[in-house]
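*Asks:*
Numbering (our numbering), first residue to last: 5 to 291.
#1: Less than 8 Å between the CB atoms is what I'm expecting for residue 175 and residue 166, so what's the real figure, rounded?
#2: So, does the CB of residue 12 fall closer than 8 Å to a CB anywhere in chain C?
#3: Could you tell me the distance, in whole angstroms, from the CA atom of residue 30 to the CA atom of residue 255?
#4: Which residues bound the beta strand (DSSP E) around residue 91?
#5: Got a sec? Which residues, its chain only, sit under 6 Å from residue 18 by beta carbon, not counting five neighbours each side?
#6: Going by DSSP in three states, residue 154 sits in which element: helix, strand or coil?
#7: Taking contact to mean at least 3 C-beta pairs separated by less than 8 Å, is the stretch 227 to 245 in contact with the stretch 137 to 155?
#8: Nearest CA to the CA of residue 173: which residue from 216, 287, 185 and 86?
#9: In angstroms, rounded to a whole number, what distance separates the CA positions of residue 9 and residue 36?
#10: Between the C-alpha atoms of residue 141 and residue 153, what's the straight-line distance to the nearest angstrom?
#11: Relative to the C-alpha of residue 182, which residue among 158, 155 and 218 is closest?
#12: Of the choices 25, 240 and 192, whose alpha-carbon is the least far from that of residue 180?
#13: Comparing C-alpha positions only, which one of 97, 291, 108 and 24 sits nearest to residue 155?
#14: Since residue 240 is in the alpha helix (DSSP H), which residue starts that stretch and which ends it?
#15: Kindly identify the DSSP beta-bridge partner or partners of residue 196.
#16: Pull up the DSSP beta-bridge partners for residue 97, would you.
#17: Leaving out five residues on either side along the sequence, give the residues of the same chain with a beta carbon under 8 Å from the beta carbon of residue 115.
#18: Among the candidates 239, 284 and 138, whose CA atom is the shortest distance from the CA of residue 103?
#19: Can you tell me which residues form a DSSP beta bridge with residue 71?
#20: Roughly how many angstroms lie between the CA atoms of residue 26 and residue 85, to the nearest whole one?
#21: Check residue 32 in the structure and name its three-state DSSP category.
#22: Roughly how many angstroms separate the alpha carbons of residue 210 and residue 187, rounded to a whole number?
#23: When we look at the beta-carbon of residue 196 and count the other beta-carbons within 10 Å, is it buried (16 or more) or exposed?
#24: Whose CA, out of 241, 206 and 83, lies closest to the CA of residue 171?
#25: Taking C-beta to C-beta, are residue 72 and residue 96 nearer than 8 Å?
#26: Please work out which residues of its chain come closer than 6 Å, Cβ to Cβ, to residue 226, disregarding the five sequence neighbours upstream and downstream, and give them in chain order.
#27: Measuring only the C-alpha atoms, how far is residue 14 from residue 42?
#28: Should residue 81 go down as buried or exposed, given a rule of 16 or more other Cβ atoms within 10 Å for buried?
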């Protein structure tokens, strides 16, 4: 059975993101796994007879299980709402250690369809460019990762914008989005932001090869749209707003379009304005 993996650190934003995961699970006919991972630092007791590390771990596990159950219970009203013929079952687990490696292990053990998590900081996409735990999760995942910014609403998906840099990996992501679109009945728009003055030979060769693969798959929809702007992030933000998009999707991999933007403060600032949830296709997508 397919499973939506919802990561939580018990913050308000994580609980908010879990609601998006609940909506997706109903549409995708998938069950839900709530997961929290904690790291314990071994510290010697400051007084004789004080709690041992094992005592602290046991106490933390008990508290985490209680909070996981509380989060699971909070999803029940949403999951019980009519609208689909599927009511997901909700399970929860906890782990110790780095979250990214826990996610990697879960991918190997379970039939994970998608990972859902809340943004770690800010109201936009700045968390993804901060070298944070979010980035590590994407890097270790083999399934798409949905990152839900603070205050973002994902009650439905009617329009998805996929930002392409004409990379080979984008074709596989587009195939996934087209198949998923049959379930959600959303419109998919594939967009490349052409920076004004961009005319290098590498770009032209990459575009030619990409379009050749795109047409080889005989996609009925969507068409590939090329727009122009002086800043990729700012142009994408405006495009999503103007088109009424509910979700922004893109691939991330070493030396990708987005990874090259990590160190640019202007781009980071522009992406902070991004209010939409982002569906990120990781480097190992589909493996």
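Every residue gets a Cβ at the ideal spot worked out from N, C-alpha and C, and that includes glycine. Please read these numbers as outputs of a predicted model, since none were measured by experiment.
*Replies:* In short, the structure shows the following:
#1: By 1-based counting over the chain shown, the position of residue 175 is 171. By 1-based counting over the chain shown, the position of residue 166 is 162. Not confirmed; about 11 Å, so no contact.
#2: Looking at the structure shown, chain C is missing, and only one protein chain is on hand.
#3: One-based indexing of the chain shown puts residue 30 at position 26. One-based indexing of the chain shown puts residue 255 at position 251. Going by the C-alpha atoms only, they are around 25 Å apart.
#4: In the chain shown, counting from the first residue as 1, residue 91 sits at position 87. Premise fails: residue 91 is in no beta strand (DSSP E) and is neither H nor E.
#5: Locating residue 18 in the chain shown gives position 14, where the first residue counts as 1. Within the same chain, residue 18 has close Cβ partners 12 and 122.
#6: Working through the chain shown from its first residue, we reach residue 154 at position 150. Residue 154: coil per DSSP, three-state reduction.
#7: No contact exists between the stretch 227 to 245 and the stretch 137 to 155.
#8: Taking the first residue of the chain shown as 1, we reach residue 173 at position 169. That would be 287, whose Cα lies nearest to the Cα of residue 173.
#9: Here residue 9 refers to the residue found at position 5 when the chain shown is read from its first residue. Here residue 36 refers to the residue found at position 32 when the chain shown is read from its first residue. Cα-Cα distance, rounded: 6 Å.
#10: What you label residue 141 is simply residue 137 of the chain shown in a count that begins at 1. What you label residue 153 is simply residue 149 of the chain shown in a count that begins at 1. Roughly 16 Å between the two C-alpha positions.
#11: In the chain shown, counting from the first residue as 1, residue 182 sits at position 178. Taking only the C-alpha atoms, the option nearest residue 182 is 218.
#12: Mapped onto the chain shown, residue 180 falls at position 176. Nearest in C-alpha terms to residue 180, of all of 25, 240 and 192, is 192.
#13: Against the chain shown, residue 155 aligns to sequence position 151. If you compare the alpha carbons of 97, 291, 108 and 24 with that of residue 155, the shortest gap goes to 24.
#14: Residue numbering aside, residue 240 sits at position 236 when the chain shown is read from its first letter. If you look at residue 240, you'll find it in the alpha helix (DSSP H) that goes 236 to 247.
#15: On the chain shown, position 192 is the one that residue 196 refers to. Residue 196 is bridged to 230.
#16: The residue given as residue 97 occupies position 93 in the chain shown. DSSP output for residue 97 lists 39 as bridge partner(s).
#17: On the chain shown, position 111 is the one that residue 115 refers to. Taken in chain order, the residues that qualify are 5, 6 and 7.
#18: Residue mapping note: residue 103 aligns to position 99 of the chain shown, counting from 1. Ranking the options by Cα distance to residue 103, first place goes to 138.
#19: Taking the chain shown and counting its residues from 1, one reaches residue 71 at position 67. Answer is none; residue 71 lacks a bridge partner.
#20: Taking the first residue of the chain shown as position 1, residue 26 is located at position 22. Taking the first residue of the chain shown as position 1, residue 85 is located at position 81. Taken atom to atom, the span from the alpha-carbon of residue 26 to that of residue 85 is near 11 Å.
#21: Indexing the chain shown from 1 puts residue 32 at position 28. Helix at residue 32.
#22: Taking the first residue of the chain shown as position 1, residue 210 is located at position 206. Taking the first residue of the chain shown as position 1, residue 187 is located at position 183. If you take the alpha carbons of residue 210 and residue 187, they lie about 31 Å apart.
#23: In the chain shown, the residue the question calls residue 196 occupies position 192. Its Cβ being crowded by 16 or more others within 10 Å, residue 196 is buried.
#24: As a working note, residue 171 is residue 167 in the chain shown. Selected option, being the one with the closest Cα: 206.
#25: Position 68 of the chain shown, counted from the start, is the residue given in the question as residue 72. Position 92 of the chain shown, counted from the start, is the residue given in the question as residue 96. Taking C-beta atoms as the reference points, residue 72 and residue 96 count as a pair closer than 8 Å.
#26: If you number the chain shown from 1, residue 226 lands on position 222. Contacts found: 192, 193 and 194.
#27: If you number the chain shown from 1, residue 14 lands on position 10. If you number the chain shown from 1, residue 42 lands on position 38. Here the C-alpha atom of residue 14 lies approximately 11 Å from the C-alpha atom of residue 42.
#28: As a first step, residue 81 is located in the chain shown; it is residue number 77 there, counting from the start. Exposure of residue 81 is indicated by the presence of fewer than 16 other C-beta atoms within 10 angstroms of its C-beta.
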